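Everything below concerns the one structure shown next.
In our numbering, the protein residues as written are 20 to 157.
Pasting the structure below:
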């Protein structure tokens, strides 16, 4: 899907990205692919020694999922800005959903842009990541 100015208004919602449960395999594969081998994400003994019941997802995994949400909507070359703030951990076996809503439309140097508010939310309503993206619309 590709967004254009004629299709986008404040309040436009991106098609949600519902993800499979976060498994130990997910965490191990992301650790290998990203180089984030922090043992708190892959070693239960390390997580327990830090006061957690079990391992939990790397924050950058959720950030990557949000990036996928945006690039499912517009091509990567249209992204002008992207930032996030981590708000809660994503526990093992959680099933995150990524959503986005257009919150403003602007013209910058003659280019039409949309600012999209982004969220990663768990089934219980916990928001684990908040962010925004600025994308060119055409």
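Heads up, the beta-carbon is just placed ideally off N, CA and C, and yes, glycines get one too. All figures in this text were calculated on a predicted structure; none of them were measured in a lab.
Taking a contact to mean a Cβ-Cβ separation below 8 Å, would you say residue 139 touches residue 122 in this structure?
no
Alpha carbon to alpha carbon, how far is residue 82 from residue 28?
25 Å
Nearest by alpha-carbon distance to residue 94: which of 154, 26 and 53 is it?
154
Quick one: grab the DSSP three-state call for residue 110.
strand
Can you tell me whether residue 78 is buried or exposed? The criterion is at least 16 other CB atoms within 10 Å of its CB, across all chains shown.
buried
Just the Cα atoms here: how many angstroms apart are residue 66 and residue 34?
34 Å
Name the one or two DSSP bridge partners that residue 41 has.
DSSP lists no partner for residue 41.
Determine whether the beta carbon atoms of residue 106 and residue 43 lie at a separation below 8 Å.
no
Would you list the residues sitting across from residue 119 in a DSSP beta bridge?
137
Taking the alpha carbon of residue 144 as the reference point, which residue from 98, 116, 104 and 39 has its own alpha carbon closest?
116
Using 8 Å for Cβ pairs, my map puts residue 61 next to residue 47. What's the rounded Cβ distance?
6 Å
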